[in-house]
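Same order as they appear, the protein sequences are chains X and U.
According to my numbering, the stretch in the first sequence is residues 1 to 268, in order.
According to my numbering, the stretch in the second sequence is residues 1001 to 1282, in order.
Virtual Cβ for every residue (Gly too), placed ideally from N, Cα, C.
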Amino acid sequence: MTSPAPIAEPRATPRPDPAVVPALSIDGVSHAYGPRQALMDVFFNVQPASFTALLGLNGAGKSTLFSLITRLFGIQTGRVCIFGHDISKSPGEALRLLGVVFQPRTLDLDLSLTQNLLYHAALHGISRREAATRSAELLGRIGLSERAASKVRDLSGGQMRRLEIARALLHRPRLLLLDEPTVGLDVKARADIISHVRQLVTEQGIGVLWATHLFDEITAGDDLVVLHQGKVLAQGPMARVIAEAGAQDVNTAFMRLTGAQTMPGGGA
Amino acid sequence: MSSITTREAPRGFSAGEYMTCLTGIVWREGLRFLHQRERFVSALVRPLVWLFIFAAGFRQVLGISIIPPYETYILYEVYIAPGLMAMIQLFNGMQSSLSMVYDREMGNMRTLLVSPLPRGFLLFCKLLAGTAVSLLQVYAFLLIAWFWDISPPPIGYLTVLPALILSGLMLGSLGMLISSGIKQLESFAGVMNFVIFPMFFASSALYPLWRVQEGSPYLYYLCEANPFTHAVELIRFAFYGQIDWLSLAVVAGCTIVFMIGAIYAYDPSRGLARRGPAGGEG
């Protein structure tokens, strides 16, 4: 886990090199449910080996955005590319590079940990033998090897989340999406999951898009995207977003940007 | 750094990857079914109640004349057995689609739909998996029914298999098509009433159509137009080693139409996209 740098002296974030294909690029995406506009002209990139926090209150449009990136909904306007593969035109190539942890739990509770992982591997066309090796390895990494044959139902909330993250990594994606993954977890489980995901960024170069409304999950080196009522209000390295909002910390910056009166989460 | 920042050339999917995916989905559906004992028991009890109680009571009321594929007078139990096999598949098809509504609400469906393989193929795998589960149920029923003197020529157990696969696919894809139009679990109960019961009763499952015709010509036409009637007849003839070509054509045609409809409905740019968010906040 990277130690948070002081906000006043922002880390020199590697700026996007134009030759580098972004892990995720959202290009002018709008989406409406009938007359209700859920997203309006959303633009941003997630770079490889970076941690981008998508900040927004409930109802900001985060889940709609996730549904579009994962192709649960069709793109109405704009373009979504994963490592340059357009999700509408070549969904197979795009989805192959994507790992995702949805906000609601999506595990089979009556199946064992290994069975859940093997099923996911099969959905990606990974052979049984290869899948068994990777599952064992990933379970080891999340410290659940001994529970491999237990039913998922018997796990704690934090363990289930760790399993879901392991599952999302099984096909070795290079972009990982997490939709409020720490909701409902205790302090320790939250910290474990955050540090695990940050490790994936630094050690494996995975690009991460982490949707949250909890400001204490963000550290100084992160990129931020502030989404409010379907619009991107600010984006860029954390220090810049704070400075441009004329604030001292993320919390105040967020409130100034959105005009929110109450703090939705803990301070950064 | 270059390995993670360059764009990869598209490489498509091999036949092996398709096969792994198919077996994985069938395997998971089978495991889930084995874990849901109540579902298995009720899938078995339902037709057995019809066989042991309803058929025994009706035996005296309904006389069955000699109609193809039967070569002799038969007991009423023997007549309704194919209808009950189709009923098992009808319930299973609707129940699989119920599980899809449930899965969609609970998020499990998302795991399936974010697989990189083509969505039409994934849905087809899901249908095959549901059909495989219905076959387990039908053969378990036939085993018990055998002790109740429902005994076709032994080869019938084999020849009925392709008919069951086809009818299972038809009823499964119908269920899938219906499930795509349902937003919540609650509205499913209504669909059961408006789909399962009319389909089952307005068919040749419980009474031969010539008897229906005597009673009401309109009902007869309705039964003739009901794809479920043709599923029953396809199974009935296949059970005795014969082919009812008309039923085969109707069931195959309906399967294709329902399947295309379901795949269309689950296409992200059409069906699901028109609806609100599947869960969580918007």
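For residue i, three-class secondary structure by DSSP
i: Lys-89/X; result: coil
i: Leu-1113/U; result: helix
i: Pro-16/X; result: Note that Pro-16/X has pLDDT 49, beneath the 50 cutoff, so the model's placement of it is unreliable and the number below is only indicative. Reduced to three states, the DSSP call for Pro-16/X is coil.
i: Tyr-942/U; result: One cannot answer for residue 942/U here, as it falls past the ends of chain U, which runs 1001 to 1282.
i: His-1035/U; result: helix
i: Phe-73/X; result: coil
i: His-228/X; result: strand
i: Val-100/X; result: strand
i: Ser-1134/U; result: helix
i: Phe-1166/U; result: In the sequence as displayed, the identity of residue 1166/U is Leu instead of Phe. Three-state DSSP puts Leu-1166/U in a helix.
i: Ala-1205/U; result: coil
i: Ile-1150/U; result: coil
i: Asn-251/X; result: helix
i: Ser-1247/U; result: helix
i: Glu-180/X; result: coil
i: Pro-1118/U; result: coil
i: Glu-164/X; result: helix
Option in the options with minimal Cα separation from residue i
i: His-1035/U; options: Ser-112/X, Phe-254/X, Leu-227/X, Val-201/X; result: Ser-112/X
i: Tyr-1288/U; options: Gly-1168/U, Met-1170/U, Trp-1148/U, Leu-1143/U; result: Outside the shown range of chain U (1001 to 1282) lies residue 1288/U, about which nothing can therefore be said.
i: Ala-60/X; options: Leu-233/X, Val-250/X, Gln-248/X, Asn-251/X; result: Leu-233/X
i: Arg-128/X; options: Pro-1069/U, Cys-1254/U, Val-1041/U, Thr-1020/U; result: Thr-1020/U
i: Ala-1081/U; options: Tyr-1207/U, Leu-1123/U, Phe-1197/U; result: Tyr-1207/U
i: Met-1094/U; options: Ser-1179/U, Ala-1202/U, Glu-1224/U; result: Ser-1179/U
i: Pro-1153/U; options: Arg-1028/U, Arg-1236/U, Ile-1182/U, Tyr-1266/U; result: Arg-1236/U
i: Phe-1201/U; options: Asn-1108/U, Glu-1224/U, Gly-1181/U, Ser-1042/U; result: Glu-1224/U
i: Thr-212/X; options: Arg-141/X, Leu-65/X, Leu-107/X; result: Leu-65/X
i: Ser-135/X; options: Val-152/X, Arg-153/X, Leu-163/X; result: Leu-163/X
i: Leu-981/U; options: Asp-1149/U, Tyr-1266/U, Ser-1247/U; result: Past the boundaries of the shown model lies residue 981/U; chain U is included only from 1001 to 1282, so the question cannot be answered.
i: Asp-223/X; options: Arg-141/X, Ala-49/X, Gln-103/X; result: Ala-49/X
i: Leu-24/X; options: Asp-41/X, Val-46/X, Phe-215/X, Pro-181/X; result: Val-46/X
i: Gln-103/X; options: Leu-227/X, Gly-184/X, Ala-253/X, His-228/X; result: Gly-184/X
i: Met-160/X; options: Ala-132/X, Ile-87/X, Arg-190/X, His-228/X; result: Arg-190/X
i: Phe-1147/U; options: Thr-1255/U, Leu-1051/U, Gly-1024/U; result: Leu-1051/U
i: Arg-270/X; options: Gln-229/X, Gln-248/X, Asn-251/X; result: The structure shown does not extend to residue 270/X, since chain X spans only 1 to 268, so no value can be given for it.
i: Thr-1369/U; options: Met-1176/U, Leu-1122/U, Val-1195/U, Asn-1193/U; result: This structure gives no information on residue 1369/U, because the portion of chain U shown stretches from 1001 to 1282.
i: Ala-1043/U; options: Ala-1015/U, Ser-1151/U, Ala-1086/U; result: Ala-1086/U
Per DSSP, cross-strand counterpart(s) of residue i
i: Val-269/X; result: Here chain X has residues from 1 to 268 only, and residue 269/X is not among them.
i: Gly-207/X; result: Leu-175/X
i: Ile-82/X; result: Leu-24/X, His-85/X
i: Pro-237/X; result: Asp-223/X
i: Leu-39/X; result: His-31/X
i: Leu-1090/U; result: Partner(s): none; Leu-1090/U has no beta bridge.
i: Lys-151/X; result: Ser-112/X
i: Leu-54/X; result: Ala-211/X, Val-225/X
Assumed close pair residue i, residue j - CB separation to whole angstroms, cut-off 8 Å
i: Leu-1084/U; j: Phe-1033/U; result: With 8 Å as the limit, Leu-1084/U and Phe-1033/U do not qualify as a contact, their Cβ atoms being about 19 Å apart.
i: Pro-1227/U; j: Val-1250/U; result: 6 Å
i: Leu-1127/U; j: Leu-1090/U; result: About 14 Å; that fails the 8 Å criterion.
i: Leu-72/X; j: Arg-1028/U; result: Going by Cβ atoms, the distance from Leu-72/X to Arg-1028/U rounds to 20 Å, so no, they are not a contact pair.
i: Phe-44/X; j: Ile-26/X; result: 5 Å
i: Ala-1132/U; j: Val-1049/U; result: Not a contact, Cβ separation roughly 24 Å.
i: Leu-139/X; j: Ala-166/X; result: 7 Å
i: Val-226/X; j: Leu-257/X; result: 6 Å
Amino acids of chain A, ordered along the chain, whose beta-carbon sits closer than 7 Å to that of residue i
i: Arg-161/X; result: Annotation note: the requested chain A is absent from the structure, which comprises protein chains X and U.
Margin query: Tell me whether the region 1216-1223 of chain U and the region 1128-1141 of chain U touch, counting them as touching only if at least three CB pairs, one residue from each stretch, are closer than 8 Å.
Written below: no
With three or more C-beta pairs closer than 8 Å as the rule, is the region 51-60 of chain X touching the region 97-104 of chain X? no
| query | On the three-pair Cβ rule with 8 Å, is the region 230-241 of chain X touching the region 205-215 of chain X? | reply | no
- prompt: If you pair each beta-carbon of the region 113-125 of chain X with each one of the region 166-173 of chain X, do three or more pairs fall below 8 Å?
  reply: yes
Q: Evaluate the contact criterion for the region 1235-1245 of chain U versus the region 1065-1073 of chain U: three or more CB pairs, one atom per stretch, below 8 Å.
A: yes
Exercise for the section: Pair every Cβ in the region 176-183 of chain X with every Cβ in the region 140-149 of chain X, then say whether three or more of these pairs are closer than 8 Å. Expected result: no
Practice prompt. Examine the Cβ distances between the region 1251-1269 of chain U and the region 1193-1207 of chain U and report whether three or more of them are shorter than 8 Å.
Written response: no
Segment contact flag, the region 24-31 of chain X with the region 73-86 of chain X, C-beta cutoff 8 Å, min 3 pairs: yes
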